[in-house]
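Those letters in the sequence shown? Residues 92 to 182, per the numbering used here, in order. Idealized CB from N, CA, C, for every residue including glycine. Keep in mind it's a predicted model, so treat the numbers as computed, not measured. First comes the structure, then the notes that go with it.
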Amino acid sequence: MKLGEGVEAAIHCAAMLAGMEGAATMPGAAMAEAFGLSPSYLLKHLNALTASGILESVPGPSGGYRLARPAERITLLDIVLAVEGREPAFR
């Protein structure tokens with residue numbers, strides 16, 4: 092089974108956000124720059140994580156993204172399903 096680049100990016104973002112203090116946020120553009128990705132490409136995956144309840148989007152000038160629940164309650168499978176959907180891994 093091969094995971095897509097989007098899953099890898101989403102895992103890196105979730106890990107980065109898990110290491111932040113309290114309710115701190117990080118803009119999607121800053122995460123894209125940190126990982127050398129296009130902001131529009133990463134935004135698509137951040138939106139999927141937000142829609143799945145893994146991330147929370149905070150609007151405003153000091154807004155960005157943060158984990159929507161404690162990191163220990165987020166599994167790799169949660170992230171894979173959020174980004175790639177529930178398609179069978181093997182066909």
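Straight-line gap, residue i to residue j (C-alpha atoms, nearest Å)
{"i": "VAL98", "j": "TYR156", "result": "17 Å"}
{"i": "GLY110", "j": "GLU163", "result": "12 Å"}
{"i": "LEU167", "j": "TYR132", "result": "20 Å"}
{"i": "GLY95", "j": "GLU178", "result": "13 Å"}
{"i": "SER148", "j": "GLY113", "result": "15 Å"}
{"i": "LYS93", "j": "ALA105", "result": "20 Å"}
Beta-carbon proximity of residue i to residue j, cut-off 8 Å
{"i": "GLY176", "j": "ALA159", "result": "no"}
{"i": "LEU134", "j": "LEU146", "result": "no"}
{"i": "LEU140", "j": "ALA173", "result": "yes"}
Own chain partners of residue i with C-beta closer than 6 Å, once the 5 adjacent residues on each side are dropped
{"i": "ILE102", "result": "ILE170"}
Residues of its chain near residue i, where Cβ-Cβ distance is below 7 Å and the 5 sequence neighbours each way are ignored
{"i": "PRO150", "result": "none"}
{"i": "PRO130", "result": "GLY119, ALA120, ALA123"}
{"i": "ALA100", "result": "PHE126, LEU128, LEU133, HIS136"}
Residues of its chain near residue i, where Cβ-Cβ distance is below 8 Å and the 5 sequence neighbours each way are ignored
{"i": "MET107", "result": "MET117, MET122, ALA125"}
{"i": "SER153", "result": "THR116"}
Quick check on the DSSP output: what are the complete beta strand (DSSP E) runs of length 3 or more inside the stretch 100-153, in order along the chain? 146-149
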